[in-house]
Every structure is written in C-alpha cells, then in structure tokens.
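S.K.: My numbering numbers the first residue of the sequence shown as 449 and each following residue consecutively.
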Amino acid sequence: MPASPSVGSRFIPSPRVGVAQSPRLRPPLSRTFSSANGPQTGSSMLLASSSSSTIGGRSSGAAMQQKSPRMSPRSAPPKAFVPSAYSKDATDSPRSPLQSARALDYEMPHLLTRAENKLDQREVVQLAKEVTAQLAVARRRKDTLSKQIAALRKRETAVARKAYDVKIKSQGDTVKTKEENEKFKLKSSDVKVLENTLTGLQRDSGNLSADIAQLRQDYKSVEEALKAETAAIAEAQQELHRKRATLAAAQRESIEMQARLRGSRVAAQVVAERFRDVERRNKAVRSCITGVTAPQVSTKTMGIKANGTLIGGSRSPRLLG
Numbered sequence: 449m450p451a452s453p454s455v456g457s458r459f460i461p462s463p464r465v466g467v468a469q470s471p472r473l474r475p476p477l478s479r480t481f482s483s484a485n486g487p488q489t490g491s492s493m494l495l496a497s498s499s500s501s502t503i504g505g506r507s508s509g510a511a512m513q514q515k516s517p518r519m520s521p522r523s524a525p526p527k528a529f530v531p532s533a534y535s536k537d538a539t540d541s542p543r544s545p546l547q548s549a550r551a552l553d554y555e556m557p558h559l560l561t562r563a564e565n566k567l568d569q570r571e572v573v574q575l576a577k578e579v580t581a582q583l584a585v586a587r588r589r590k591d592t593l594s595k596q597i598a599a600l601r602k603r604e605t606a607v608a609r610k611a612y613d614v615k616i617k618s619q620g621d622t623v624k625t626k627e628e629n630e631k632f633k634l635k636s637s638d639v640k641v642l643e644n645t646l647t648g649l650q651r652d653s654g655n656l657s658a659d660i661a662q663l664r665q666d667y668k669s670v671e672e673a674l675k676a677e678t679a680a681i682a683e684a685q686q687e688l689h690r691k692r693a694t695l696a697a698a699q700r701e702s703i704e705m706q707a708r709l710r711g712s713r714v715a716a717q718v719v720a721e722r723f724r725d726v727e728r729r730n731k732a733v734r735s736c737i738t739g740v741t742a743p744q745v746s747t748k749t750m751g752i753k754a755n756g757t758l759i760g761g762s763r764s765p766r767l768l769g
C-alpha cells in the first residue's frame, strides 16, 4: 500500500483522473479541429493543459508538447509568426498555467475566446475544489480505514494469540483427556473386578443368609430345649435343695444320735467299770467269806462256783456295792 500523503502536502493527480471523474467538464463549444489523433474540441485542449498545470503545479515544456494536440496544416498559422511554446528545442523554463493558456489563445485565436477560456478556468477551479474535497474525504476515509485496519490487525494479533493459547490449552486438554481415558480404563477394569467381587460377595451373602436362617431355626429349637432343660435343672435344684435339707436334718439327727451313742457308750463303760469294780469287791468279799466260813461249810454243800453264782441250795447273800 503506498504511503498516504500528509495534510499539508499537495496531491498531484493525473489529468486523466480529473477529467474522467467530473461530469461537468463537457466541451462548451461546438468548434473542433482535426488532428492526427482525431477531432478534438478547443475547450478540452485548454482543460487538459490547465488541469495539468493547475492541479499538478509543475509541467515541463516537453510534457506540454506531448499533451498538446497536433494542428492540421490548414488551421495552423505560419511557423515564422508563432512562438514554439511546445517545441522540443525550447530551452526556457516551464510556463505557468496562465502563460500556457495565453499561448494557446495566441496560437488558436479562431478556436478559443477569452470568455470561453475564463469559463474553462472556472470549471477547472471548480473541478480542483471538488477533487480537493473528494481527496480530503478520501484521505479521511483512508485514515479511518487505516485506523480500522490497525485495530483489525491488533485484534487479529490478539485473536491469533488467543487462538494459540487456546490451541496450547486444547493440546494440554487433549493430553489430559488421554491420561484421564487411561485412568478411566484402569478404573473401569478395577470397577469390573469390584463388580465381580461384589457379585461373589452377594452370592456368599445369600448363602450366609440361608445359613443364618437355618441357624436361627436351630437356635430357636436349642433355646426351647435349653428352656426345658433349664426348667428340669431348676426342678432338680429344688429337689436337691430339699434333699440337702433332708440330709442336713438327717446329719443333725445322726450327730445327735452319735452324741447319744457316745454318751451311752460312756455310760456303758462307766457301768462296766462299776460292774468290774463290784465284781472285784464281790470276789474280795467272797474270798473273805470263804476264808471265814471254810471250816464249817464245804464248797460242795454251798454250791458256789468260782464265779460266785449259786448252783443249788439257797441264794447267796446280797452283796453290797
């Protein structure tokens, strides 16, 4: 894109642009002249030369000679009386637009008049103003478009940066997604293993539930049997308590009986001892009596045995203890 001209600089458009864009630049005159390139109007010649000099600002003699139409031999004046303003051998400095217009007027007095020349100059000035206004509008539009393009480029850069960030983030998310998929596959296999384990546990739980139901029934039957046995044991304990009470009473009676037996034994021993003592005394008395009565009474007649009992005859006298 070419660089935009500054506000203070002069814009040099081509003469062809100004003539083509303006609808007002129409030849006001009907007079034409023939040339090698075809018929042209005098106003168009003046307009071309004036616009190139007024808008462009600088024009050389060679350029003016190239843009000026070639005149026919009939309409051209003698060369001795016409100054060669557009000749290739001209060495003077470039002329101003007014001098160029005067030269054309001097060269073609039968084609252009002063009023027509002034009219063409006014149209050229009006055209220059319009072109300047259009140029200002175009420049403002160009500045606006340049600003918009710069903003769009900045926005494009920001969008590209965001797109790059999003791309990097999407790549990272893709990697994370792959990792998560791998983890999900591992978790899925673990879940399948857990599901199989859970199925086995549910099966075992069903078996255990059946076993628990059977155990509950067995427990009920055992509990009933235990209750019956507990009742029997309670009755046996009561019977045992009764037996123990009876046994205790029998033991007390036995103790009392043993005490009585011991007392009776002691009494029997005492009686036996007294009986022996009495027998000793009786024996001693008998011996005394025997010794006293031996000469008068024989033992046969008396009928006394050795133990002191009488065999016959009268009883023995009562022995005192």
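Beta carbons are placed, not taken as given, at the ideal position from N, Cα and C, and that holds for glycine.
Distance cutoff 8 Å, beta carbons only. Does V572 sit that close to anything in chain C?
M.R.: Note that chain C does not occur in the displayed structure, where there is just one protein chain.
S.K.: I need the straight-line Cα distance from A684 to R700, nearest angstrom please.
M.R.: When rounded, the distance between both Cα atoms is 23 Å.
S.K.: Determine the direct distance from the alpha carbon of Q619 to that of S611, and round the result to whole angstroms.
M.R.: Looking at the sequence provided, one finds Ala at residue 611 rather than Ser. So the alpha carbons of these two residues sit roughly 12 Å apart.
S.K.: Out of curiosity, what's the CA-to-CA distance linking L420 and N629?
M.R.: Since the first residue of the chain shown is 449 and the last is 769, residue 420 is not available in this structure.
S.K.: Look at the alpha carbon of N644 and the alpha carbon of Q650, and state the distance between them as a whole number of angstroms.
M.R.: Looking at the two C-alpha atoms, the distance is approximately 10 Å.
S.K.: Taking the alpha-carbon positions, what's the R587 to D613 distance?
M.R.: Computed Cα separation, rounded: 38 Å.
S.K.: Around the Cβ of M659, are there at least 16 other Cβ atoms within 10 angstroms (buried) or fewer (exposed)?
M.R.: It is Asp, not Met, that sits at residue 659 in the sequence shown. Looking at its Cβ environment, which holds fewer than 16 other Cβ atoms inside 10 Å, D659 is exposed.
S.K.: Expressed to the nearest angstrom, what Euclidean distance is found between the alpha-carbon atoms of L709 and T694?
M.R.: Those two C-alpha atoms are separated by around 21 Å.
S.K.: Rounded to whole angstroms, what's the CA-CA distance from E627 to K617? Just pull it up for me.
M.R.: Approximately 15 Å, taken between the alpha carbons.
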